[in-house]
Every structure is written in C-alpha cells, then in structure tokens.
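**Student:**
Residue numbers (the UniProt record's numbering): 1 to 146.
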C-alpha cells in the first residue's frame, strides 16, 4: 500500500470528521444527527476509550481513511471518497481481523449497499439487524469468524 497507517492523533481529527460526515450524508442522504463539534469530540475523546483508532495518511500526511476497532468489533470504517477502490478499506479490515479474538462484528446501514457488498466479499455474514441507532434507519449486523 502506498499510504501510511498510523495511530490516531489529534492533528487528524478535523480532516477525519469532515470526510466521516460527508460520507454519511452521501450514503444516507440525511443531515448528520450531531453537530460538527459533537462529532469531533466523539472521535477525539469517546471513541478512543474503547477502540484502537488507526488512520491512513497520504504523502502530505493528511488523513484519507480511518478505522476504530477492538478485539471483538469494528465500530467505524470510513475512507475519503476520492481514495476509495484502492484497497485501503480492505487493508484496514485485515488489520482488525489480525488483531481480533477470531470473531468480529460490525453494523452497517441497509441502504449502504456498497458497504454490504464490501463486507460480504471479506467473509462477513449478516446475522441480524435493527433500527436501534441514532439515525433510526435499518441496519445489518455482520459477523466474521476466523
């Protein structure tokens, strides 16, 4: 991979929050539930309490993708739109699999068929779903077992 994977640092937070929010708007076709500042706070102060955050950077040291995961779950995975289809997401999921307990779960929105196909191609199997999320939209629970 021609990009670098680094641990999350505060200097990447604004870039990540921008593409995270724009991706959600693009995929869900709704405005974000939370303000930019609230989203930024969640990324910088809440998410790191339970998840390892890895950031993919380009040659200018700008964040172009990120994953938040622990040994049992991928909580977030977003790639900037102009860097998709280059193997970055696949690489990050593989990283999470390698550091997992042998089983990973994640959720994605039903409407995000691109993500559904992506996770299925990486061996994840749909095993449930709900609308119990802040957006109130149907989601799919996926599970991968080694």
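All C-beta atoms in this analysis are idealised placements derived from N, C-alpha and C, irrespective of residue type, glycine included.
Which residues bound the beta strand (DSSP E) around residue 107?
**Tutor:** 103 to 109
**Student:** For residue 5, I'd like the list of residues in its chain whose CB is within less than 6 Å of its CB, leaving aside the five on either flank, ordered along the chain.
**Tutor:** 54, 56
**Student:** Buried or exposed, going by whether 16 or more other CB atoms sit within 10 Å of the CB of residue 50?
**Tutor:** exposed
**Student:** Run through DSSP, which three-state label would residue 141 get?
**Tutor:** strand
**Student:** Could you give the DSSP three-state label for residue 94: helix, strand or coil?
**Tutor:** helix
**Student:** Does the separation of the CB atoms of residue 43 and residue 63 fall below 7 Å?
**Tutor:** At a Cβ-Cβ threshold of 7 Å, residue 43 and residue 63 do not count as neighbours.
**Student:** So the candidates are 103, 21, 94, 16; which of them puts its Cα closest to the Cα of residue 33?
**Tutor:** Closest by alpha carbon: 21.
**Student:** Can you tell me which of the three DSSP states residue 99 falls into?
**Tutor:** coil
**Student:** Is residue 39 buried or exposed, if buried means 16 or more other CB atoms sit within 10 Å of its CB?
**Tutor:** Burial call: buried.
**Student:** Would DSSP call residue 131 helix, strand or coil?
**Tutor:** Coil at residue 131, not helix or strand.
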